[in-house]
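What follows is one structure encoded as structure tokens, with my remarks underneath.
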Amino acid sequence: MGFETEGKSSQQRQTVQGHASSNGRNLSQVQVQGSTLTVNVFFDGTKNNLYNIEDRRKNTTKYANKDKDDYESYFNDYSNVAHLFNSRARRIPRTSWVYIEGIGTGANDINEENRKRIQAAVQSQQASKEQRRKFYTDSTKGFAMGSGSTGIKQRVEQSFEKIQIQVRGDHGTIIPAIIRLNVFGFSRGAAAARYFIHLVKSQPQRFKGWNLKSANITVGFVGLFDTVSSYHPGMMLPEYKVIERERDLFEDVSELHLNFSRGYADKVFHITALDEYRKYFSLTTIRSAVKQGFGFEVALNGAHADIGGSYPNNSKESFMASGDAASLLKRWFVKQGFYTDEQTSYKAQVSIKDEHGKNFYTPATLYVSRSNVSNHYHKVPFKAMRLMAEKYAVNVQFDKDKAEKIEQSPHKEIQSLLNTTPAKIMRAATNGWGQSINMALPESYAKAFRNRFIHWSAKNETGYELRLKDGLPYRKTHQG
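1 is the number of the first residue of the sequence shown in full-length UniProt numbering; add one for each residue after it.
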């Protein structure tokens, strides 16, 4: 039999046909004609995990003395991926919503604790929606390399089973003949989302027991916040200069299949960060989708996690630089507005004679610090993504009250952008996809705005180092 799908584009409006069978243990075979399910999948970013945040907020005493480096995902705020998932509308027919814990967080296998429940569900034709989970420290390898048991590839491989668990819990033992996917991701979660789409289309048999063909799986809307892959399968990084000379370690377009082939997705929407400069946070664009006319990419002011969310509110930041870069950076920081003159401390190079009369030099040093940086700017890209998803994705709807609560701010500067920027993005998309546009704030306005609302993401810590080019902050970009 034929089954008409709801849709909002010519690619999405189509009549699909199919059948499937169920061979669950102790169950008679069930033939399913024209059964179409939508699954909305959310891949969270590195050190982003909504379950960890919820546990920390419910058990403050438990985490009072925890090392924040080991438990960073617990002390972060929700990412925009988590906000979208938490704001989902609960009652959409034939639709499941699946959240995948972020890279470097949570259990090694996010499905392990549910396998006995799955088996019981197969036998009883009913899945328990309860999820008992343990709470683990963050993974160094997952954070540093994007690999290991909590890495990009592993989270994607685990996501197939997670989807099947959720579908069984929502819809019982019926096996879908057609799967329609909408996929979201932030940071390495955005890279995971792109790798997931590649596997879905090239290896549909990963949905075990569903007997799906590639033609029976459609990817409708893909919503991405600032794709960063930074993937390496090993435990130790080679020396950085060797990497730069011989091969860019984190150019993963081919290895993770981050480009988009025609037919792999209907619409790909990507919001990128204009104020991100860390060495290991290179951007991977969606140029392949843009060139083929189904991609739409928007660059907004903000650091990586200003776009994707997860900064705690009213945070304090500090950074130090020394040597030749110190003087250039001081002027750049003040010009851009990240720090004011009053928020910087600069000491020039000093020549000193030792006891033998030999000159030596203390390098120039720069120290910058500021407090109470608001995290409310993330609300702007959140609203843009919500509106785009509701317009262009099938069976993606959000709870109005929950969304509106996120999209309010006491800061007039943020509220003004909430009232204008998402609407500008929507109008630009209406004029045609196949675009990559820059929506930077006017520099006359951006300077003061950065100081209050845009985070400085680089730190004097391993994995957070600043990338410089000709002495100034610079972000590397890979074309995906």
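Each residue gets a CB set at the ideal place from its N, CA and C atoms; glycine is no exception.
Since we're looking at a predicted model, the values are computed, not measured.
Check	Outcome
Buried or exposed, going by whether 16 or more other CB atoms sit within 10 Å of the CB of residue 183?	buried
Please go through the same chain and pick out, in chain order, the residues whose beta-carbon is closer than 6 Å to the beta-carbon of residue 239, but skip the five residues on each side of it.	Bear in mind that the predicted position of residue 239 carries a pLDDT of just 46, short of 50, making it unreliable; the figure below should be weighed with that in mind. Cβ neighbours of residue 239 beyond the five flanking positions: none.
Can you tell me whether residue 431 is helix, strand or coil according to DSSP?	coil
Specify the secondary structure class of residue 452 as computed by DSSP and reduced to three states.	helix
Give the DSSP bridge partners of residue 110, in chain order.	Answer by DSSP bridge pairing: none, since residue 110 is not bridged.
Alpha carbon to alpha carbon, how far is residue 43 from residue 83? Give it in angstroms, no decimals.	12 Å
Counting pairs of beta carbons, one from the region 272 to 287 and one from the region 207 to 214, are three or more of them closer than 8 Å?	no
Just grab the DSSP bridge partners of residue 82 for me.	DSSP output for residue 82 lists no bridge partner at all.
Sort out for me which residues DSSP pairs residue 347 with in a bridge.	365
Would you say the region 264 to 272 touches the region 295 to 302, given that touching needs at least three Cβ pairs under 8 Å?	yes
On the DSSP letters alone, give me the boundaries of the alpha helix (DSSP H) that residue 139 sits inside.	It is not in any alpha helix (DSSP H) - residue 139 carries neither H nor E in the DSSP assignment.
Taking the straight line between their C-alpha atoms, what separation do you get for residue 363 and residue 370?	23 Å
Any idea if residue 380 is buried or exposed, counting beta-carbon neighbours within 10 angstroms, 16 or more meaning buried?	buried
Going by CA-CA distance only, name the one from 395, 460, 422 that's closest to residue 219.	395
For residue 270, write down the residues that DSSP places opposite it in a beta bridge.	224, 297
Check each candidate in 98, 142, 301, 257 and name the one with the smallest Cα separation from residue 447.	301
Please classify residue 311: does DSSP put it in a helix, a strand, or coil?	coil
For the structure I just gave you, are there three or more beta carbon pairs, one from the region 183 to 197 and one from the region 96 to 105, closer than 8 Å?	yes
At which residues does the alpha helix (DSSP H) containing residue 332 begin and terminate?	324 to 336
Taking just the CA atoms, how far does residue 47 sit from residue 414?	26 Å
Measuring only the C-alpha atoms, how far is residue 166 from residue 468?	45 Å
For my contact list, residue 382 and residue 406 are in at a C-beta cut-off of 8 Å; report their separation, rounded to the angstrom.	6 Å
Please work out which residues of its chain come closer than 6 Å, Cβ to Cβ, to residue 465, disregarding the five sequence neighbours upstream and downstream, and give them in chain order.	279
Would you give the residue range spanned by the beta strand (DSSP E) that residue 37 belongs to?	36 to 43
Tell me which residue opens and which closes the alpha helix (DSSP H) that residue 209 is part of.	Per DSSP, residue 209 belongs to no alpha helix (DSSP H) and is neither H nor E.
Using the three-state DSSP reduction, which class does residue 199 fall into: helix, strand or coil?	helix
Just verifying my parser: in three-state terms, what is the DSSP assignment at residue 487?	Residue coverage of the chain in this structure runs from 1 to 480, which leaves residue 487 outside it and unanswerable.
Identify whether residue 463 lies in helix, strand or coil by the three-state DSSP scheme.	coil
Assign residue 563 to one of two classes, buried (16 or more other C-beta atoms within 10 Å of its C-beta) or exposed (fewer than that).	Any question about residue 563 goes unanswered here, given that the chain covers just 1 to 480.
Could you tell me the distance, in whole angstroms, from the CA atom of residue 142 to the CA atom of residue 105?	8 Å
Among 45, 470, 432, which residue has its Cα nearest to the Cα of residue 227?	45
Residue 154 to residue 202, Cα distance in whole Å?	17 Å
Can you name, in chain order, every residue of its own chain whose Cβ lies under 7 Å from the Cβ of residue 259, other than the five neighbours on each side?	253, 288, 480
Could you tell me which of 460, 56, 65 sits nearest to residue 76, measuring between CA atoms?	56
Restricting to Cα atoms, I'd like to know which of 78, 206, 185, 209 is closest to residue 222.	185
Report yes if the C-beta distance between residue 162 and residue 111 is below 7 Å; otherwise report no.	yes
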